[in-house]
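A.B. asks: Each residue of the sequence shown is one higher than the last, beginning at -8 in my numbering.
Using N, Cα and C, we set each Cβ at its ideal position, and we do this for glycine too.
Owing to the predicted nature of the structure, the values given are computational and were not obtained by experimental measurement.
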Amino acid sequence: MKKLLDGVRIIEFPKICDPRGNLSFVESARHVPFSIKRVFYIYDVPGGETRGGHAHKECAIVLLALAGSFDVRLTDGTEEMTVRLNRANKGVLIPPGVWDTMHDFTTGSVALAIASHPYEEEDYIRDYDDYLEYVRTLQQQ
Ligand code: TYD
-8 MKKLLDGVRI
2 IEFPKICDPR
12 GNLSFVESAR
22 HVPFSIKRVF
32 YIYDVPGGET
42 RGGHAHKECA
52 IVLLALAGSF
62 DVRLTDGTEE
72 MTVRLNRANK
82 GVLIPPGVWD
92 TMHDFTTGSV
102 ALAIASHPYE
112 EEDYIRDYDD
122 YLEYVRTLQQ
132 Q
């Protein structure tokens, strides 16, 4: 049986190094494995705060640290892994069905999220017990 965490991938975006400042770019379906429908960003995170704490049923997300760094904890309810995002051209692909939490933000960090779907609250699973039940249901299919 395929594990949800098997779909997690580190993605390196192109980086054009230049003495005037570096440049990276992301193209829909080329650098991320989906058509980009939405971009959102998280910033001004107070010390010690966590963001995320949910899973999506359909939406895939690529997360990166545009500035500073933070940890992304990913779990399928059984196994877990943590990815430190600390470079503006390194992202993590979070497939649908994986529970993610972002924590240990450094001061001034900016998280960029690139999403495969528009915002739809019905796509979120925000309660961890509901999530465990959801994963159990997936496994029975
Ligand atoms: P939430 O998903 O809880 O943020 P995070 O997972 O990054 O900690 O979203 C916080 C609020 O913002 C919530 O009320 C929904 C709203 N929101 C939108 O309206 N559009 C969006 O694209 C996102 C990501 C959130």
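1) Evaluate the contact criterion for the stretch 34 to 47 versus the stretch 110 to 128: three or more CB pairs, one atom per stretch, below 8 Å.
2) Bridge partners of Ala104, per DSSP?
3) Applying the 10 Å Cβ sphere with the 16-neighbour rule, what's the burial state of Tyr32?
4) Going by the CB atoms, is the gap between Ala58 and Gly99 shorter than 8 Å?
5) In its own chain, which residues sit with a C-beta less than 6 Å from the C-beta of His94, not counting the 5 before and 5 after it?
6) Whole-angstrom Cβ separation of Ser15 and Pro5, contact assumed at under 8 Å?
7) Let me check understanding here. Comparing Cα to Cα, which of Asn77, Thr92 and Arg127 lies closest to Ile52?
8) For Cys50, count neighbouring Cβ atoms within 10 angstroms of its own Cβ and tell me buried if that reaches 16, exposed if not.
9) Can Ile105 be considered in contact with ligand 1, in the sense that its beta carbon sits closer than 7 Å to one or more heavy atoms?
C.D. replies: Inspection of the coordinates gives the following:
1) With the cut-off at 8 Å, the stretch 34 to 47 and the stretch 110 to 128 touch.
2) For Ala104, which the question treats as bridged, DSSP gives the partners Phe31 and Leu54.
3) exposed
4) yes
5) Cβ neighbours of His94 beyond the five flanking positions: Thr41 and Asp62.
6) The Cβ separation is near 6 Å, so the contact holds.
7) Thr92
8) buried
9) no
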